[in-house]
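Visitor: In full-length UniProt numbering, the protein residues as written are 1 to 65.
C-beta: ideal position from N, C-alpha, C; glycine also.
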């Protein structure tokens, strides 16, 4: 579904609830982020850019959701 500011928080809560109900606790993510993924000209996701972006963000607390 499309994610915009009005439904982002509810969608994140729904995803976290689903994960907690259907996954072992060690698989459940600590947070859920939305936004465009950096891609190459051929459409492949640039994972190294995602990793560097996560490092820049630092630890994310559940209260930020």
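Sort 46, 47, 17 and 30 by Cα distance to residue 59 and report the nearest one.
Guide: Taking the first residue of the chain shown as 1, we reach residue 59 at position 59. Checking every option, the nearest Cα to that of residue 59 belongs to 30.
Visitor: Just how far apart, CA to CA, sit residue 28 and residue 19?
Guide: Against the chain shown, residue 28 aligns to sequence position 28. Against the chain shown, residue 19 aligns to sequence position 19. Rounded to the nearest angstrom, the two C-alpha atoms are 6 Å apart.
Visitor: Anyone know if the C-beta pair for residue 16 and residue 32 falls short of 9 Å?
Guide: Locating residue 16 in the chain shown gives position 16, counting from the first residue. Locating residue 32 in the chain shown gives position 32, counting from the first residue. The answer is yes: Cβ separation under 9 Å.
Visitor: Which first and last residues belong to the alpha helix (DSSP H) in which residue 11 is found?
Guide: As a position in the chain shown, residue 11 is number 11, starting the count at 1. From DSSP, the alpha helix (DSSP H) with residue 11 extends over 8-22.
Visitor: Span of the alpha helix (DSSP H) holding residue 49?
Guide: To locate residue 49, count along the chain shown from 1; it is residue 49. Looking at the DSSP string, the run of the alpha helix (DSSP H) that includes residue 49 is 47-57.
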